[in-house]
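Asker:
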Amino acid sequence: MAHHDQHPLDHPEVQASSTPKYVFAFILAMGVMIASCLITVVGDMSQLATLTWIGVLALIAVIGQLYFLFKLDTSKAMIWHTVSAAATIPLFFIAIVLTIWMFHHLEMRVMLGAG
Amino acid sequence: MFMDVQGPSNALFGRLPMILDLHYNNPWIMFAFALVVIGGIGTVAALTYFKKWGWLWHDWLTTVDHKKIGIMYIIVGLIMLFRGFFEAAMIRTHQAMAVGPDSPGFLGAVHGYLTPFHISEIFTVHGTLMILLAVTPILVGFMNLIVPIQIGARDMAYPFLNAVGLWLTTAAAALCMISLFVGSFSHAGWVGLTPLTQLDHSPGVGVDYWIWLIQISSIGSTLGALNLIATILKMRAPGMSLMRMPIFSWTTLATNIIGLTSFPLLTVALFLLTLDRYIGTHFFTADGGGNFMMYTNLFWLWGHPEVYFVVLPAFGFLSEIIPTFSEKPLFNHTSMIAATMGIAGVSWLVWLHHFFIMGAGPEVNTFFSVATMLVGIPTGVKVFNWAFTMYKGRVRLETPMLWALGAVLLLIGGGMTGMMLAIPAINYVSHNSVFVVAHFHNMFLIIAFAIFGAVTYWWPKAFGFRLDERLGHIFFWLFWAGSVFVFVPMYALGFLGMTRRLDYIAHPSWWPLLALEVVGIALYIASVAAFVLQIYVSFRDRERNKVTTSDAWETSRSLEWAAHCPPSFYNFAATPIVHSNDEWAWRREHGVTSVVPEKYTSIHMPKNSMVPVVLGVLFIIFGFAGTWRIGWMFFGSIIAITAVLIFRMFQKDIDYNIPAEDVEAYEREKLKSVDRAAQDNVHQTGEMGDAGTDSPAHG
Amino acid sequence: MSIDQNKVSDTSDIQLYATEPDHHDSISLRSIGFWLYMMSDAMIFAGLFAAHGVYLNAYGTSDITAGDVIEPVTALLPTLILMLSVLLFGFASVALSREDKAGTLRWMGASLALGVFFLLDEAAEFARLALDGATPQASAFLSDFWTLIWVHGAHVFFGLIWMAALMIQIARDGFTEGSVGRFINLRIFWFFQALIWVCVYTFVYLMGVS
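Residue numbers (the numbering used here), protein chains in the order written: chain A, 1 to 115; chain B, 1001 to 1699; chain C, 2001 to 2210.
#1: Is Gln2193/C close to chain B, meaning its C-beta is less than 8 angstroms from at least one C-beta of that chain?
#2: With DSSP as the reference, label Asn1332/B as helix, strand or coil.
#3: Kindly list, in the order they appear in chain A, the residues whose Cβ is closer than 9 angstroms to that of Thr1389/B.
#4: In or out: Gly1054/B buried (at least 16 other Cβ within 10 Å) or exposed?
#5: Val1147/B and Ile1232/B: beta carbons closer than 8 angstroms?
#6: Shortest alpha-carbon distance to Thr1222/B belongs to which of Asn1332/B, Gly1206/B, Ala1163/B and Met1240/B?
#7: Give a yes or no on contact between the stretch 1481-1488 of chain B and the stretch 1563-1574 of chain B, applying the rule of three or more CB pairs nearer than 8 angstroms.
#8: In the DSSP output, what is Met1605/B paired with across the bridge?
#9: Which whole-angstrom value is the C-beta distance of Pro2072/C and Thr19/A, which I expect to be below 8 angstroms?
#10: Could you give the distance in angstroms between the alpha-carbon of Val32/A and the alpha-carbon of Ala1157/B?
#11: Any idea if Trp1632/B is buried or exposed, counting beta-carbon neighbours within 10 angstroms, 16 or more meaning buried?
#12: What are the boundary residues of the alpha helix (DSSP H) that Leu1402/B is part of?
#13: Quick check: the Cα distance between Gly115/A and Asn1291/B, rounded to an integer number of angstroms?
#14: Between the alpha carbons of Val1682/B and Arg1587/B, how many angstroms are there, rounded?
#15: Taking His81/A as part of the alpha helix (DSSP H), name the residues at either end of that continuous run.
#16: Quick one: is Glu1087/B buried, meaning 16 or more other Cβ sit within 10 Å of its Cβ, or exposed?
#17: With H, G and I counted as helix, E and B as strand and the rest as coil, what does DSSP make of Thr1340/B?
#18: Run through chain B and tell me which residues come within less than 7 angstroms of Met78/A, C-beta to C-beta.
#19: Taking the alpha-carbon positions, what's the Thr1115/B to Ile1641/B distance?
#20: Among Glu1661/B, Thr1063/B and Tyr1278/B, whose alpha-carbon lies nearest the alpha-carbon of Gly1014/B?
#21: What is the DSSP secondary structure of Ile1641/B, counted as helix, strand or coil?
#22: In whole angstroms, give me the CA-to-CA distance for Met2001/C and Leu1478/B.
#23: Using a Cβ-Cβ cut-off of 8 angstroms, state whether Ala95/A counts as contacting chain C.
#24: Given Leu2206/C, which residues of its chain have a CB within under 7 angstroms of its CB, disregarding the five upstream and five downstream residues?
#25: Could you say which of Asp1059/B, Leu1615/B and His1604/B lies nearest to Glu2020/C if we only look at CA atoms?
#26: Kindly indicate the opening and closing residues of the alpha helix (DSSP H) around Gln1947/C.
#27: Identify whether Val62/A lies in helix, strand or coil by the three-state DSSP scheme.
#28: Is the distance from the Cβ of Val2151/C to the Cβ of Met1294/B below 8 angstroms?
#29: Would you mind sorting Met1001/B into buried or exposed? The rule is 16 or more other CB atoms within 10 Å of its CB.
#30: Chain A beta carbons: is any one of them nearer than 8 angstroms to that of Trp947/B?
#31: Going along chain B in order, which residues have a C-beta closer than 9 angstroms to the C-beta of His7/A?
#32: Does DSSP put Thr1575/B in a helix, a strand or coil?
#33: Could you pull out every residue in the same chain whose Cβ sits closer than 7 angstroms to the Cβ of Ile1620/B, ignoring the five residues on either side in sequence?
#34: Do you know how far the Cα of Trp2197/C is from the Cα of Ala1991/C?
#35: Does chain A have any CB closer than 8 angstroms to the CB of Thr2091/C?
#36: On the criterion of 16 or more Cβ atoms from any shown chain inside 10 Å, does Val2041/C qualify as buried, or is it exposed?
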């Protein structure tokens, strides 16, 4: 290619690699999943409390990974990555939550609460 | 593991032995087949006679130039549009003939001339094809053709990927054409309602054709969408901040955000249906815990955003055409951007209005009803902005402006009926009636009007000569009259209670309205003839209609009008620097319309590649093997596609540099040819042949 | 209006065209495009998770329930393997940033091996389920369970093919703009499938038994 006036390895997305952050992301993800597993298997909370807790823990793991693995931030190199993720995540939840909400009502009304 | 299928099948040929049992006695198929064969042989003969095969291969099929890809998208789309139109004409004439028990039957039909299965196929193809293979490619074609020039870029962000997108769309279109002659197409409506599309209700290959061609075209759309988003985000000329970007580029951005995030849901819906049909899972079955309402939900999760995917670029066309022919800047650029992004945002919260009657209850229906009505606000903002742009402007009723005004008028009708349908109480009554059909055709006509406006508006940019104005007017008025005659009676029939997709009309009292619709179809056919004639006449008189400046309409506003007509293959000899929302208008007002840069520099361009064409062929094989359940060919094509992608990964010689001297020589040649054509009326200034300086008196 | 705001009285020093060849940061350009593709891919999983929410208890006439096929504690092992594979790919990325070709290839190889191990473990697990009659054809819940897991599995599979091809390319050509750009995209892809797995583990394995 003719137009690189810098070596490809000097690119900010290459230089963003960092051993401590990757190790931390690994420990965070594993820690969260083991904690969720313990809550589910040996915990004696109500079902709603369990679901809420594992949901919150998963959210922590996801945000941690987005930050420590993908290095999403507002720097010039990453700003559009961050914006597109911020735009997609609401759509992700809209698709899931509204679908489940709709089927919850649908099943109560037309399927005799089955399903 | 795989589902048992009806009819003969074996490991080597899959279900293909089935075609030996099919009887090709349908005269319509024979007619279409003859048309395609004659057209194909004619094309091949012409290419051979004029020795154009090398030109076709090197200049077009293997190109990665966004302008040529855009033009090819539009050509594929127009061919499909023509086929879709033909089917519409068949549906309308059949329905007008099959009224009442005494109506005669022809060609094996009891009433009218199409058998129930055949008319079901026809309306399914009509819907699938018009939305996914006609309107979408044409719009994507315009985005390809215009957006990079409009934002001052050399090319798309990923020229190679762009070509792949084109060839995937073409592969889908090819599968659609193959289905006409080999086997049959789906008869289950373009939405493919389950359980009708399940194997036990649709044992043929029609639904499979429908699934695979949509999946292939969706991959193409996804690749195109991410390409356009990246182009807009990363490739804008210096000075063009996002808020200075022309509205068509903004609508392209919004549209492709919608496309990128919604097409995957269609992929999921069809993938799960595929699993049901091929390996017998229970997603959308009645037994085994399946839930066929889930299919409808997933389909419309894509389906409604898709509506905005196609309408937003049309709004973009209008936002470019109206200021040009009102000789005024677009009223309130910022609110137009906000309205565009607002529509894109709300588009995700409305899908359930396609199935209010499913019975999800008042709270759910109310939420989606209110969200649907909210769309009216940004759309209203747009309509008022267009109106205020024309207010106190000097409106010139040239052909593109006629189409734009027609589209705005149609938007009022389509928007109002949309508001009615957004109310669940009305929806319960009118669901599945032709009132709904009239409404969404009304909305699609806005897009069609905007497309024809855009074709006329950007034609000189793409080809260097204008389309014939008189025939353009005739085309417009015939098309307008056709639209009124077809769809006003259809609204009325909807109120009378006529349901969709009928192969037989039981109420003789509806006949007069159906006959009126046939009058509309006749007008449409005349309008198509006028369009073809317009292109022929304009091409014949291309020397007389030649555009001598970069600004074909003399009052254009955005940056694409600073490039030559047609643009050089690298778009701009030097990257333009942007100073204003309407850069070209700004330059014209400052009298700095030189298209000659101070200094030429080298230009870096991608090389042509045959890989996209090869991928297109492999995807046709993939879809065909999937449809006919030829296992080895199916998995073989996946392996071949992966291998081709890895081959491409190792290709090194993929781009080249044009030295500054060559650019200068090329530009001089280009300007000289323009000058020669414009000898009569161009006020030449200086030996550089400064062809862009003759700006009209303005303001 | 906009024109008046930017009105310039002296037109002699307006610069109309750039005088330098344009510069493109091709690695950034590739990575944003691939990231956008990942956003699209995320929506595929949104559709599958939405379906999962609806098919959670859709057993039909089958007597195999979620509790019979899902063992969250056992599933911690493949989870650990996958997360380790991601960690090792991170180490490859660190080696790349230090221009350490041998180190990059070594860590990529280790990451690849763990990825293969993950797939084999998952295949063995699902073969056992199939032998027990818990096939995708048995009920809507099982259809959904198999599909969700194996759509993720297909991501891992194609990621591994990509990883192997990229290793060959780096070994042959070294760190060129092309191979480094691909490495950045593969890193996004490999981290992304791990992110999806966290969601799969929580919302399929844990929610299935809670």
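Beta carbons: idealized from backbone N, C-alpha and C, even for Gly.
Answerer: Working from what's here:
#1: Among the CB atoms of chain B, none fall inside 8 angstroms of the CB of Gln2193/C.
#2: Under the three-state reduction of DSSP output, Asn1332/B falls in the coil class, being neither helix nor strand.
#3: Residues of chain A whose Cβ lies closer than 9 angstroms to the Cβ of Thr1389/B do not exist, since the nearest Cβ in that chain is about 29 angstroms away.
#4: Exposed, because fewer than 16 other Cβ atoms sit within 10 Å of the Cβ of Gly1054/B.
#5: In this structure, Ile1232/B lies closer than 8 angstroms to Val1147/B by Cβ.
#6: Considering only alpha carbons, the answer is Ala1163/B.
#7: Cβ pair count under 8 angstroms is below three, so no.
#8: Tyr1656/B, per the DSSP bridge assignment.
#9: About 30 angstroms; that fails the 8 angstroms criterion.
#10: Roughly 39 angstroms separates the two Cα atoms.
#11: Burial call: exposed.
#12: Per DSSP, Leu1402/B belongs to the alpha helix (DSSP H) from Thr1399 to Leu1421.
#13: With a pLDDT of only 45 at Gly115/A, under the threshold of 50, the placement of this residue in the model should not be trusted; the figure read from the coordinates follows. Straight-line Cα distance between these residues: approximately 9 angstroms.
#14: Reliability fails at Val1682/B, whose pLDDT of 44 lies under 50, so the model's placement of it is uncertain and no value is given.
#15: Ile79 to Val110 is the extent of the alpha helix (DSSP H) around His81/A.
#16: Residue burial annotation: Glu1087/B is buried, with at least 16 other C-beta atoms found within 10 angstroms of its C-beta.
#17: Reduced to three states, the DSSP call for Thr1340/B is helix.
#18: Those within 7 angstroms of Met78/A in chain B number zero; the least Cβ separation is about 13 angstroms.
#19: Cα to Cα, the separation comes out at about 40 angstroms.
#20: Closest by alpha carbon: Tyr1278/B.
#21: Of the three classes helix, strand and coil, the one that applies to Ile1641/B here is helix, per DSSP.
#22: Bear in mind that the predicted position of Met2001/C carries a pLDDT of just 42, short of 50, making it too unreliable to give a figure here.
#23: Look at Ala95/A: its C-beta is under 8 angstroms from a C-beta on chain C.
#24: Cβ-Cβ distances below 7 angstroms link Leu2206/C to Pro2072 in the same chain, with the five nearest sequence neighbours on each side left out; the list follows chain order.
#25: When only C-alpha atoms are compared, the closest one is His1604/B.
#26: The structure shown does not extend to residue 1947/C, since chain C spans only 2001 to 2210, so no value can be given for it.
#27: Three-state result, Val62/A: helix.
#28: In terms of Cβ geometry, Val2151/C and Met1294/B do not form a close pair [threshold 8 angstroms].
#29: Counting other Cβ atoms within 10 Å of its Cβ, Met1001/B stays below 16 and is therefore classed as exposed.
#30: Outside the displayed span of chain B (1001 to 1699) sits residue 947/B, for which this structure offers no information.
#31: Going along chain B, no residue has its Cβ under 9 angstroms from His7/A, so there is no contact; the nearest lies around 18 angstroms.
#32: Note: Thr1575/B maps to coil in three-state DSSP.
#33: For Ile1620/B, same chain residues with a beta-carbon under 7 angstroms away, outside a window of 5 residues either side, are Ala1171, Ala1174 and Leu1175 in chain order.
#34: One cannot answer for residue 1991/C here, as it falls past the ends of chain C, which runs 2001 to 2210.
#35: Rather than Thr, the amino acid found at residue 2091/C in this sequence is Phe. Yes, Phe2091/C counts as interfacial toward chain A.
#36: It is worth fixing the name first, because residue 2041/C is Asp in this sequence and not Val. Classification of Asp2041/C: buried, given that the 10 Å Cβ count is 16 or more.
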